[in-house]
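Asks:
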């Protein structure tokens, strides 16, 4: 009868400008889709060149190499008898568009440019592309000569159209268009499109998957239809981790779910669905049918091909499933771990080095590396040949098989406790015990000799010796002495990262990991060019509150009992002298605010877009049971002074895994000045006026 259609979508770990690797992964996905009987294959957004090319999109080379990859796909026997939908940038009439190229049997059926571009948060698509603004309009696109030679076509349709096969009708969306208030699938569905496709480049944010899944299911809940979503996965060269979650939905229910976090470079979902289920679902929605009778029709590209087989009565179709979401703690355990693995293998380094202080932040970072080792061993156990080859390359052993996470951790992970006369024995013991439990190669050293040498140089030049405030020194002296310790740790971290493996008779170097959380970065509670200065930072986009929950998760799931004492200890930098052998300095006392308060300030500042006055107005209601208006005003002023005085530190912030929407990352996400009028005289004056009135 021709009613059961078999379609495939995928999540691919593409890499910006890795045209050869990207082509190979596209071919693998097509082979898998065909082997499972699919007649249509959808890939991620801009999969040919990789989504994160940024200003490389300006280069003609990027366009040229994308067409060269397309040529390879068109002429290959692997792409015969299946509709292939791939993503690449295209220049049409000297305007650059983010496009889908849909082809079948060496013929390009349609080039569909993106209509709604993503331009918020980490996205900058309007910088490189122009949205297609001609609704339901198709133009002729003149193909490059090399493509003409393969397809025999001089021109192909370019614009906003849909495909009419022998058995159904398909319409394409591209990423952001699903999130837009006037998504194309609404009008396309009313015009009889039964299968909607969406190729995405959607990155991970904690709990974002919930919203993405809800949008896909709601797209067909009111209007009926089949919705297919493909997404990029992995680290394609920057701070973002694309979290897969390829899915297929029908009539508001999920029928196929891809993984959110995995080390598989290629993941393909295939589903067989009954078109009559869509038609009967739509038939009884009278409001939909009334709107459909008045819709402005889309141009239809006729395709002499069917997604179903004539004799399909006995073909089983997929049934709805319940989507399983990860908890925030699981997402922290898996997302940054997969990002670290991509970064490690693609940078061709031999492992990581982490300054492990025995506090929550560095311990959480160590646990993420340990989780990465778990993921690698699990992938190898499940037969992932790519991960096995990468692991052997990282450890420089062609016969190696990673089976035990602790043993693999010792090969790729070095931890280093850098103690001083201001460090307590407790933190030293905590760091040592955690290193033993995760299996890292652990170094214990003392930095006092280096600190005294640096301070000695200052004494020789000036004749003055700074003292800690505990010994009668000024705040300036004390802060300078704390910064010297912190910066020496950074220098030593890089020294040991370069030469530790050399000293052990092993090849390669190590990537230095930072461990400043998102809250400390926001208020600047870190020394510029200290241990927060590293190659990459897996927790730089995660709040202290979430990290504490993650530590508890690791205690329960990895049986890391050393974390219990770390959890119960108050966070401290250990940069000031001990009193009777005990730490008296704490982070929250130094900052003048709690981590819980800091998380609230961060969300109000970035997500709610609140300046000092608006933040004050919101908090006098949020905190009316615990603070007077004058106390709220004092807290808000203190936060904004700290934030503005220290904003310059964000310009040198170590590249961090993006996990929170209130990240202060100055590179591309949170664009602000770094030289402020830190008195905020006008804004604070308005707050004072309200306080007096209250």
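Numbering (the numbering used here), first residue to last: 1 to 694.
Here a beta-carbon is modelled for each residue, glycine too, at the ideal position from N, C-alpha and C.
Span of the alpha helix (DSSP H) holding residue 545?
Replies: 544-557
Asks: On a Cα-Cα basis, can you pick out the residue from 133, 106, 178 that is closest to residue 146?
Replies: 106
Asks: Taking only the alpha-carbon atoms, compute the straight-line gap between residue 83 and residue 662 and give it to the nearest angstrom.
Replies: For residue 83 and residue 662, the distance between alpha carbons rounds to 41 Å.
Asks: Taking contact to mean at least 3 C-beta pairs separated by less than 8 Å, is the stretch 292-310 in contact with the stretch 367-377?
Replies: no
Asks: Would you mind working out which of 251, 348, 245 sits nearest residue 331, comparing C-alpha positions?
Replies: Residue 331 has its Cα closest to that of 245, out of 251, 348, 245.
Asks: State the Cα-Cα distance for the pair residue 592 and residue 638, rounded to the nearest angstrom.
Replies: 8 Å
Asks: Can you tell me which of the three DSSP states residue 534 falls into?
Replies: coil
Asks: With a Cβ-Cβ cutoff of 9 Å, do residue 518 and residue 399 count as a contact?
Replies: no
Asks: May I ask you to list the residues that DSSP assigns as paired with residue 336?
Replies: As DSSP reads the structure, residue 336 sits in no beta bridge.
Asks: If you count every other CB in all the chains shown that lies within 10 Å of the CB of residue 628, and 16 or more means buried, which is it?
Replies: exposed
Asks: Can you list, in chain order, the stretches of the alpha helix (DSSP H) that have 4 or more residues and sit fully within the stretch 208-260?
Replies: 208-221
Asks: What's the C-alpha gap between residue 644 and residue 523?
Replies: 8 Å
Asks: Taking 7 Å as the limit between beta carbons, can you name the residues of its chain near residue 606, skipping five residues before and five after?
Replies: 661, 662, 670
Asks: Please classify residue 471 as buried or exposed, where buried requires at least 16 other C-beta atoms within 10 Å of its C-beta.
Replies: exposed
Asks: In angstroms, rounded to a whole number, what distance separates the CA positions of residue 306 and residue 240?
Replies: 38 Å
Asks: According to the neighbour-count rule (16 or more other Cβ atoms, all chains shown, within 10 Å of its Cβ), is residue 204 buried or exposed?
Replies: buried
Asks: What does a CB cutoff of less than 7 Å around residue 34 pick up in its chain, not counting 5 residues either side in sequence?
Replies: 82
Asks: Which same chain residues, not among the five before or five after residue 191, have their C-beta less than 6 Å away from its C-beta?
Replies: 295, 297, 298
Asks: If we count the other Cβ atoms within 10 Å of its Cβ and call it buried at 16 or more, is residue 265 buried or exposed?
Replies: buried
Asks: If you drop the 5 nearest sequence neighbours on each side, which residues of the same chain put their C-beta closer than 7 Å to that of residue 467?
Replies: 473, 477
Asks: Rank 13, 152, 58 by C-alpha distance to the C-alpha of residue 45 and give the top, closest one.
Replies: 13
Asks: Short of 6 Å in beta carbon distance, which residues of its chain neighbour residue 508, apart from the five on each side in sequence? Order them along the chain.
Replies: 350, 501
Asks: For residue 188, which residues of its own chain have a beta-carbon under 7 Å away from its beta-carbon, when the five flanking residues on both sides are left out?
Replies: 162, 171, 196, 298
Asks: Could you please give me the residues that DSSP links to residue 269 through a beta bridge?
Replies: 9.
Asks: State the Cα-Cα distance for the pair residue 252 and residue 320, rounded to the nearest angstrom.
Replies: 9 Å
Asks: Are at least three pairs of beta-carbons, each pair with one atom in the stretch 46-56 and one in the stretch 19-26, less than 8 Å apart?
Replies: yes
Asks: Identify every run of the alpha helix (DSSP H) within the stretch 316-390, keeping only runs that are complete inside it and at least 4 residues long; order them along the chain.
Replies: DSSP runs (the alpha helix (DSSP H)) wholly in the stretch 316-390: 328-347, 360-381.
Asks: Just to confirm, are residue 510 and residue 353 a CB contact at a threshold of 9 Å?
Replies: Yes, Cβ-Cβ distance for residue 510 and residue 353 is below 9 Å.
Asks: Tell me where the beta strand (DSSP E) around residue 83 begins and ends.
Replies: 83-92
Asks: For the putative contact between residue 128 and residue 97, defined by C-beta atoms under 8 Å, what is the C-beta separation to the nearest angstrom?
Replies: Contact flag wrong, Cβ pair sits at about 10 Å.
Asks: According to DSSP, simplified to helix, strand and coil, what is residue 630?
Replies: In the three-state reduction of the DSSP assignment, residue 630 falls in the helix class, which pools H, G and I.
Asks: Taking the alpha-carbon positions, what's the residue 366 to residue 579 distance?
Replies: 29 Å
Asks: For residue 410, which option in 369, 267, 224, 651 has the closest C-alpha, if you only look at C-alpha atoms?
Replies: 369
Asks: Within 8 Å, do at least three Cβ pairs link the stretch 534-547 to the stretch 594-610?
Replies: A contact exists between the stretch 594-610 and the stretch 534-547.
Asks: So the beta strand (DSSP E) residue 442 belongs to, where does it begin and stop?
Replies: 441-446
Asks: Please go through the same chain and pick out, in chain order, the residues whose beta-carbon is closer than 6 Å to the beta-carbon of residue 140, but skip the five residues on each side of it.
Replies: 155
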